[in-house]
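> Taken in order, the sequence shown gives residues 3 to 189; the numbers are from my numbering.
All C-beta atoms in this analysis are idealised placements derived from N, C-alpha and C, irrespective of residue type, glycine included.
For clarity, every value in this text was computed on a predicted model and none was experimentally measured.
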Amino acid sequence: MNRQQRMRLYDIQERAYTEGTVEQINDQWIFFDEETEEAEMLDDYLQQEIEVFRMNRWKKGKLYETGKVRIGNDATMLRNHDLVRIRKHLVYSLERLLDGINDDAFFQFVTTLNSLNFSIYDCIYCYNHLSFLSDENRKDGVNFLVFDNQEQICNVQHHFCYFEKVNDRFEFTLNTGKRLVIEKMIS
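(1) In its own chain, which residues sit with a C-beta less than 6 Å from the C-beta of THR178, not counting the 5 before and 5 after it?
(2) In angstroms, rounded to a whole number, what distance separates the CA positions of ASN58 and ASP101?
(3) Please confirm whether LEU147 and HIS160 have their CB atoms less than 8 Å apart.
(4) Please state whether DSSP places LEU92 in a helix, a strand or coil.
(5) Could you check where the alpha helix (DSSP H) with GLN110 kicks off and where it finishes?
(6) With respect to the beta strand (DSSP E) encompassing MET43, which residues constitute its N-terminal and C-terminal limits?
(7) When DSSP labels each residue in this structure, what does ARG98 get in the three-state scheme?
(8) Where in the region 3 to 69 do unbroken runs of the beta strand (DSSP E), each at least 3 residues long, occur, reported from the N-terminal end onward?
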């Protein structure tokens, strides 16, 4: 699995975007979050990925100036009540963890999480013990992750041992009591 395939898995995650509308009020662009109905200054999202819904499809670009989105080589002006979605950021320690595990473990973890109706963007807590072991020859320990999809909570323990063999074990426990364990070993 290459970087592009990993990014594809990021792109298809549920709840990867905050959706809403934009409106220009007193010469300032305001973003209205559809879910929470909160208003924020659009300037807070400068230089971030944003998608604008035009001609019945999402057009991906970057907010490079207040009210202006660069889509490819074109500069597009936002209009009042445009439907937009802004890519959410992952919890930093989760992002580092996903970058640090091998492709097979990454794929198994993300697809299993998705099968339980959770997204990597539902992460509300991640303790990445692996990031503290970067200088060690033998790396073993446990990472703790908590996900909340607004309907259920999922706790994940990632047991890892990277020495002569690579072993990743993920234990998923939902608040309903459902448990699932997956293990990936590479010699």
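The answer reads as follows:
(1) none
(2) 34 Å
(3) yes
(4) coil
(5) Note, GLN110: alpha helix (DSSP H), 105 to 117.
(6) MET43 -> beta strand (DSSP E) spans 41 to 43.
(7) Three-state DSSP puts ARG98 in a helix.
(8) 19 to 27, 30 to 35, 41 to 43, 51 to 56 and 59 to 67
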